[in-house]
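Counting from 63, one number per residue, gives the positions in the sequence shown under this note's numbering.
Ideal placement from N, C-alpha and C gives every residue a C-beta, glycine not left out.
Structure record follows, encoded as structure tokens.
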Amino acid sequence: MSFFTTGMTSKEIRSKFLEFFQKRNHAVIASASLVPENDSGVLFNTAGMQPLIPYLLGKDHPDGKRLVNSQKCVRTQDILEVGDNTHDTFFEMLGNWSLGDYFKKEAIEWSYEFLTSKTEGLSLDPTRLYITCFEGDENAPRDTESQEIWQEIFTKNKINGERIYFRPAYKNWWSVGDNGPCGPDTEMFYDITGKLTSGMSLDEYLVADENQQVVEIWNDVFMQYLKKDGKVIGSLSQKNVDTGSGLERLVMVVQGKNNIFDTDLFSPIITELSSRYGKFDNERAKRIVADHVRTAVFMLSDGVTPSNTGRGYILRRLLRRAIFQAWKNSENFTELSSLCDTVIKIYDDVYQDLEKNGEKIREVFEKEESKFTKTIKQGEKEFEKMSDKDISGKNAFLLFSSYGFPFELIKELSEAKGFSVDEVGFKEEFKNHQDLSRKGSEQKFKAVLE
Ligand code: SER
Numbered sequence: 063m064s065f066f067t068t069g070m071t072s073k074e075i076r077s078k079f080l081e082f083f084q085k086r087n088h089a090v091i092a093s094a095s096l097v098p099e100n101d102s103g104v105l106f107n108t109a110g111m112q113p114l115i116p117y118l119l120g121k122d123h124p125d126g127k128r129l130v131n132s133q134k135c136v137r138t139q140d141i142l143e144v145g146d147n148t149h150d151t152f153f154e155m156l157g158n159w160s161l162g163d164y165f166k167k168e169a170i171e172w173s174y175e176f177l178t179s180k181t182e183g184l185s186l187d188p189t190r191l192y193i194t195c196f197e198g199d200e201n202a203p204r205d206t207e208s209q210e211i212w213q214e215i216f217t218k219n220k221i222n223g224e225r226i227y228f229r230p231a232y233k234n235w236w237s238v239g240d241n242g243p244c245g246p247d248t249e250m251f252y253d254i255t256g257k258l259t260s261g262m263s264l265d266e267y268l269v270a271d272e273n274q275q276v277v278e279i280w281n282d283v284f285m286q287y288l289k290k291d292g293k294v295i296g297s298l299s300q301k302n303v304d305t306g307s308g309l310e311r312l313v314m315v316v317q318g319k320n321n322i323f324d325t326d327l328f329s330p331i332i333t334e335l336s337s338r339y340g341k342f343d344n345e346r347a348k349r350i351v352a353d354h355v356r357t358a359v360f361m362l363s364d365g366v367t368p369s370n371t372g373r374g375y376i377l378r379r380l381l382r383r384a385i386f387q388a389w390k391n392s393e394n395f396t397e398l399s400s401l402c403d404t405v406i407k408i409y410d411d412v413y414q415d416l417e418k419n420g421e422k423i424r425e426v427f428e429k430e431e432s433k434f435t436k437t438i439k440q441g442e443k444e445f446e447k448m449s450d451k452d453i454s455g456k457n458a459f460l461l462f463s464s465y466g467f468p469f470e471l472i473k474e475l476s477e478a479k480g481f482s483v484d485e486v487g488f489k490e491e492f493k494n495h496q497d498l499s500r501k502g503s504e505q506k507f508k509a510v511l512e
């Protein structure tokens with residue numbers, strides 16, 4: 063029997079997922095805004111489960127006990143990893159949900175079926191799947207139930223080899239922050255090399271994971287516990303299933319690519335960048351620009367505007383980083399705001415709000431861009447004067463406060479030239495300034511240090 067990766071588009075993959083679970087009596091619900099409605103203590107939704115927390119805790123959902131969706135998410139803690147093969151700041155999370163209805167058996171069997179079925183699913187090669195389960199600790203027992211369900215599936219499908227591993231809580235226990243619903247999970251990894259098909263020992267799997275030869279494509283969380291102040295304090299009133307599959311990575315493996323930027327979710331932006339900006343000295347910079355512009359478009363559409371605090375600051379930082387990278391690395395720098403339409407077009411028929419908010423998105427983007435472009439042109443001369451040696455805290459602060467150069471950009475640019483920046487000195491300058499500054503401006507500096 064042979065298996066092939068398919069030529070499915072990201073739109074087809076997203077729709078197939080929703081249809082698969084709709085056929086299994088799940089109601090399709092729309093993605094919530096990137097900006098959380100409930101006071102969850104986070105700036106953006108970082109997982110599909112976040113808008114559903116009240117329902118995981120027991121509240122009745124108007125659409126029933128089985129739900130499915132694709133949720134817009136933003137995670138910026140890995141911003142410096144963006145540009146490698148798999149990290150991005152905006153992503154969509156495909157998820158199916160059981161609110162006190164089905165549990166491990168159905169969840170795992172459907173995950174397997176969706177990934178591998180040639181008719182209803184993605185036709186992925188099951189001999190390239192590797193699985194992790196929770197090994198157990200003081201909060202919950204070893205999840206042998208999930209392991210047995212997986213073993214049964216593999217045996218039934220005549221898939222041999224060691225491919226199921228037990229892993230500790232820091233890998234296979236999921237919760238968002240220190241409070242709320244949580245539980246053990248089972249994660250599915252896909253061998254992107256196509257060469258590890260005979261199974262692997264745990265040690266071999268750990269090496270393959272470390273080398274990104276296997277990539278996580280889906281996570282089934284069995285949410286049955288409650289956490290308070292970082293401690294598991296008991297069971298929830300119902301046993302839930304929260305699954306999450308990052309669409310970008312799923313599309314990557316289905317389209318047979320080794321990085322998310324070559325998928326159809328990014329390639330129109332990358333192509334546009336290459337044709338309009340000429341040579342980019344640095345391939346990674348191009349990916350960073352594509353990622354940050356895409357995230358900015360989604361944030362703007364959901365009503366975030368650039369500012370010096372909170373989510374507005376995250377947006378400003380992404381925009382400035384994108385502009386800076388394009389300006390620094392491309393042959394013919396022109397404004398990036400023209401890429402907004404390229405992003406919007408990728409998602410027509412999927413997130414219609416983007417098209418509807420197009421004018422506003424372009425307007426705010428252009429305004430921020432024109433302001434920042436002026437700043438960097440003025441600041442560039444200063445930076446060049448200073449950057450023929452290690453940059454002192456004082457000079458870094460001058461670039462930051464007078465020319466709007468974000469600290470991390472000063473650091474990146476200096477390091478590219480082989481010089482360091484005195485971060486401790488910068489923070490001291492920062493603090494001195496903060497002490498002196500009027501109350502109203504304190505927030506601004508606080509946000510930058512976070
Ligand atoms: N909440 C889990 C995750 O984000 C599964 O959806 O991975």
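Beta-carbon proximity of asparagine 234 to glutamate 249, cut-off 8 Å = yes
Could you check what DSSP says for threonine 259 in three-state terms: helix, strand or coil?
-> Taken through DSSP and simplified to helix, strand or coil, threonine 259 comes out as coil.
Which residues bound the alpha helix (DSSP H) around aspartate 415?
-> 414–418
How should glycine 441 be labelled, buried or exposed, when 16 other C-beta atoms within 10 angstroms of its C-beta is the threshold for buried?
-> Classification for glycine 441: buried.
Cα-Cα separation, glycine 296 to methionine 111 | 20 Å
Contact test: valine 276 Cβ vs the ligand SER heavy atom, cutoff 7 Å = no
Threonine 325: beta carbon under 7 Å from a heavy atom of the ligand SER?
-> no
Could you say which of Glu175, Gln139, Gly292, Gly162 lies nearest to proline 116 if we only look at CA atoms?
-> Gly162
Compute the distance between the beta-carbons of threonine 305 and valine 283, then report whether it is under 8 Å.
-> Result yes, Cβ atoms of threonine 305 and valine 283 sit closer than 8 Å.
Compute the distance between the beta-carbons of glycine 455 and glutamate 490, then report whether it is under 8 Å.
-> It is a contact, given that the beta carbons lie within the stated cut-off.
Look at the alpha carbon of glutamine 505 and the alpha carbon of threonine 371, and state the distance between them as a whole number of angstroms.
-> With a pLDDT of 42 at glutamine 505, under the threshold of 50, the predicted position of this residue should be treated as unreliable, and no value is reported.
Use the C-beta contact count for glutamine 133: other C-beta atoms within 10 angstroms, 16 or more gives buried, fewer gives exposed.
-> buried
Among Val276, Asp484, Thr325, the one whose alpha carbon lies nearest that of threonine 259 | Val276
Can the beta-carbon of phenylalanine 251 be found closer than 8 Å to that of glutamate 278?
-> yes
Just checking my contact of asparagine 131 with glycine 103 at CB under 8 Å: how many whole Å lie between their CB atoms?
-> Actually they do not touch by this definition, with Cβ atoms about 22 Å apart.
Starting from the C-beta of phenylalanine 152, find all residues in its chain whose C-beta is less than 6 Å away, skip the five residues before and the five after it, and write them out in chain order.
-> Val136, Arg356, Thr357, Phe360
CB-CB under 8 Å to asparagine 457, same chain, minus the five flanking residues each way: which ones, in chain order?
-> Met448
Determine the closest residue to threonine 437 out of Leu471, Phe467, Met155, with distance taken between C-alpha atoms.
-> For threonine 437, the nearest C-alpha among the options comes from Phe467.
Looking at C-alpha atoms only, which residue of Ile472, His354, Ile75, Phe462 is the closest neighbour of aspartate 452?
-> Ile472
Return yes when the C-beta of asparagine 281 is under 7 Å from any heavy atom of the ligand SER, and no when it is not.
-> yes
Tryptophan 235 beta carbon near the ligand SER (any heavy atom closer than 7 Å) | no
Is it the case that the CB of threonine 138 approaches a heavy atom of the ligand SER more closely than 7 Å?
-> no
Between the Cα of isoleucine 170 and those of Asp247, Val426, Pro113, Tyr232, spot the shortest distance and give me the residue it belongs to.
-> Asp247
Any non-hydrogen atom of the ligand SER within 7 Å of methionine 111 CB | yes
Does the separation of the CB atoms of glutamate 431 and serine 399 fall below 8 Å?
-> yes
Closest by C-alpha distance to glutamine 414, when choosing among Gly256, Lys443, Ser482, Ser93 = Ser93
Could you name the residues that DSSP lists as bridge partners for methionine 285?
-> Asn302
Pick helix, strand or coil for methionine 63, following the three-state DSSP scheme.
-> Low confidence applies here, because methionine 63 scores a pLDDT of 33, under 50, leaving its location unreliable; read the following figure in that light. The three-state secondary structure of methionine 63, taken from DSSP, is coil.
Local conformation of asparagine 494 per DSSP, three classes | helix
Ignore the nearest five residues each way along the sequence and tell me which others in proline 519's own chain have a CB closer than 6 Å to its CB.
-> Within the shown structure, residues of the chain are numbered from 63 to 512, placing residue 519 beyond reach of any answer.
Per-residue DSSP class, three states only, for phenylalanine 79 = helix
Can you list the beta strand (DSSP E) stretches of 3 or more residues lying completely in the segment 98–186, in chain order?
-> As summarised for the segment 98–186, the continuous beta strand (DSSP E) elements at least 3 residues long and confined to that stretch are 128–136, 152–161, given in chain order.
Please confirm whether arginine 128 and serine 160 have their CB atoms less than 8 Å apart.
-> yes
Name, in chain order, the residues that DSSP records as bridge partners for aspartate 253.
-> Partner(s): Val276.
Per DSSP, cross-strand counterpart(s) of alanine 89 = Leu129
Ranges of the alpha helix (DSSP H) found wholly within the segment 339–422, counting only runs of at least 4 | 345–363, 372–391, 401–408, 414–418
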